[in-house]
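Engineer: Numbering-wise, this note's numbering comes out as the position in the sequence shown, counting from 1, plus 1. Mind looking over this structure? Questions follow.
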Amino acid sequence: MIQNEYTELMDMVDELYLPIFTKINKMFSEELEVIRNHHSFETLKFMPKTPRISFEEGIQMLKI
2 MIQNEYTELM
12 DMVDELYLPI
22 FTKINKMFSE
32 ELEVIRNHHS
42 FETLKFMPKT
52 PRISFEEGIQ
62 MLKI
């Protein structure tokens, strides 16, 4: 549960969704291959942890 900061939400997303994505890729690889034969799509790719940047880093990224 989120108590203080937005980073708690990011932690919650990491804890909730990343295991789901991992299991989908592992448990349903055959089904995904059947679908891939009919519809072109890329395998779901994700980072093991949501990237965290400071406000200042975000501003610098937007200036580029």
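Beta carbons: idealized from backbone N, C-alpha and C, even for Gly.
Between which two residues does the alpha helix (DSSP H) containing R53 stretch?
Structural biologist: On the sequence shown, residue 53 is found 52 positions in, with the first residue counted as 1. No alpha helix (DSSP H) contains R53, which DSSP labels as neither H nor E.
Engineer: Considering only residues of the same chain and omitting the five flanking positions on each side of E32, which have a CB-CB separation below 8 Å?
Structural biologist: Taking the sequence shown and counting its residues from 1, the one referred to as residue 32 is at position 31. None.
Engineer: With three or more beta-carbon pairs closer than 8 Å as the criterion, would you say the segment 21-31 touches the segment 43-59?
Structural biologist: Output reads yes: the segment 43-59 touches the segment 21-31.
Engineer: How many angstroms separate the CA atom of Y7 from the CA atom of R37?
Structural biologist: For the purposes of this step, residue 7 is taken as the residue at position 6 of the sequence shown. For the purposes of this step, residue 37 is taken as the residue at position 36 of the sequence shown. Cα to Cα, the separation comes out at about 36 Å.
Engineer: Locate the alpha helix (DSSP H) running through F22, then write down its first and last residues.
Structural biologist: Numbered from its first residue, the sequence shown carries residue 22 at position 21. Looking at the DSSP string, the run of the alpha helix (DSSP H) that includes F22 is Y7 to M28.
Engineer: In the structure shown, what three-state DSSP assignment does L33 receive?
Structural biologist: Walking along the sequence shown from the start, residue 33 turns up at place 32. Three-state DSSP puts L33 in a helix.
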